[in-house]
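In the working numbering, the protein residues as written are 89 to 539.
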Ligand SMILES: *Cc1c(COP(=O)(O)O)cnc(C)c1O
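Next comes the structure, spelled out in structure tokens:
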């Protein structure tokens, strides 16, 4: 029998995060001031983030030490297991070897606490009392709630309304870790009130919720803002995943031909990929990297590589990203964590340079893959992660077609125990296949700033 699980000891939790910026051949385009369109310096971000995180955001150091206090909390669930999907391989009758890194073992059930704990720590170090943030499906909000509770920081979470209604238990989780939660658009901010005035029935979106949280943080002296994806420092913190996976693949005596991750803002995909991508950048490997997005919100595969805002109201700096337009309101699909109009600038840069491939799937084939995964591997995946599973299965089927082996590594970014309504809808045939809303994207693209 082949071995199935690869565990590292707690003492082997990586001591540093890996910063891919140090190894890039060309620098990604800089963020620009929203009004002047001039490149911004670190000081422009100071009202929103603690200095330590801003330094990480612009750092060119290849390895950044993980503080002991952060590693100590990581020990609750890290190192996370790497698992060979032998039962799934058998069901697919494929010569491919499929591995997955399982991030669902964290307190909130996803990869997001990897950065939430780091962010809460640096805020605490700089005396911050309160953090405002947004959440889509509630995965980020619950992760930050957990992290803030660990460091005694107050948290206010603006939760996208459709998820607030579809996923009430995520709200309970945030509340049990001591955060206050409100449905976004809310009446608590100008940004929220404006959206409600135009459309009282608005489902909300990550872009709107970000506007609300940024406004909250900018208005209060005691409050900073925190983002669960997209930014360089978030991707940095997630590289703990890829560094562990690299050692675990060594234990398995294998090296991936293709590394797969679902992509909303890009952090779990980048976190798994970057340590492996380092070897491609150095010319030592030729690994393929595949980011997978929903067909209804396909920023990499259908968006344009342009400067755009990170939020709906246009409060954030401009970042060069593959974007569908900051005013684009994605359909209310079940993979709420993938409903973001753009993608991490670092990942976009690598995509533009040809280091990364991207693919988009509608939700039905993803749920079909998730159900097969649950029936073979026994883990109920988050709807977001099901996109990576779909792509990994298709890679394995392609290998079978070619009659050749292929080593596939994907990130199982979270479990789906709080997404069972979505599975109910799928199993009862009620899930509509979402499509690419071309007209709405075209409309949103008209609102892009001209830079
Ligand atoms: C939030 C989330 C995602 C998407 O965010 P990324 O920044 O693209 O990783 C994917 N999977 C799960 C389980 C999530 O909670």
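Cβ coordinates follow ideal geometry from the N, Cα and C atoms, glycine included.
In the DSSP annotation of this structure, the continuous segment of the alpha helix (DSSP H) that includes residue 249 starts and ends at 249 to 254. When the beta-carbon positions are compared, residue 193 and residue 162 stay at least 8 Å from each other.
Between the stretch 361 to 369 and the stretch 203 to 217, the count of Cβ pairs shorter than 8 Å is below three; the stretches do not touch. When distances are taken from the beta-carbon of residue 237 to the heavy atoms of ligand 1, even the shortest one reaches 7 Å or more. In this structure, the CA atom of residue 373 is about 11 Å from the CA atom of residue 346. The Cβ-Cβ distance between residue 147 and residue 107 falls below 8 Å.
The alpha-carbon of residue 369 is positioned some 46 Å away from that of residue 516. Partner residues in a beta bridge of residue 366, as assigned by DSSP, do not exist. Boundaries for residue 321: no beta strand (DSSP E) harbours it, while the alpha helix (DSSP H) harbouring it runs 320 to 340, taken from the DSSP string. Ligand 1 has no heavy atom closer than 7 Å to the beta-carbon of residue 286. Taking the Cα positions, residue 431 is about 6 Å away from residue 354.
Residue 386 and residue 303 have their alpha carbons spaced roughly 27 Å apart. Here the alpha carbon of residue 228 sits roughly 6 Å from the alpha carbon of residue 200. Distances taken from the Cβ of residue 473 to the heavy atoms of ligand 1 include one shorter than 7 Å.
By a beta-carbon distance limit of 8 Å, residue 412 contacts residue 532. Their separation comes to about 6 Å. With respect to the 8 Å criterion, residue 92 and residue 172 are classified as neighbours on the basis of their beta carbons. Taking C-alpha positions only, residue 240 is separated from residue 391 by approximately 40 Å. Taking the Cβ of residue 207 as the reference point, every heavy atom of ligand 1 lies at 7 Å or farther away.
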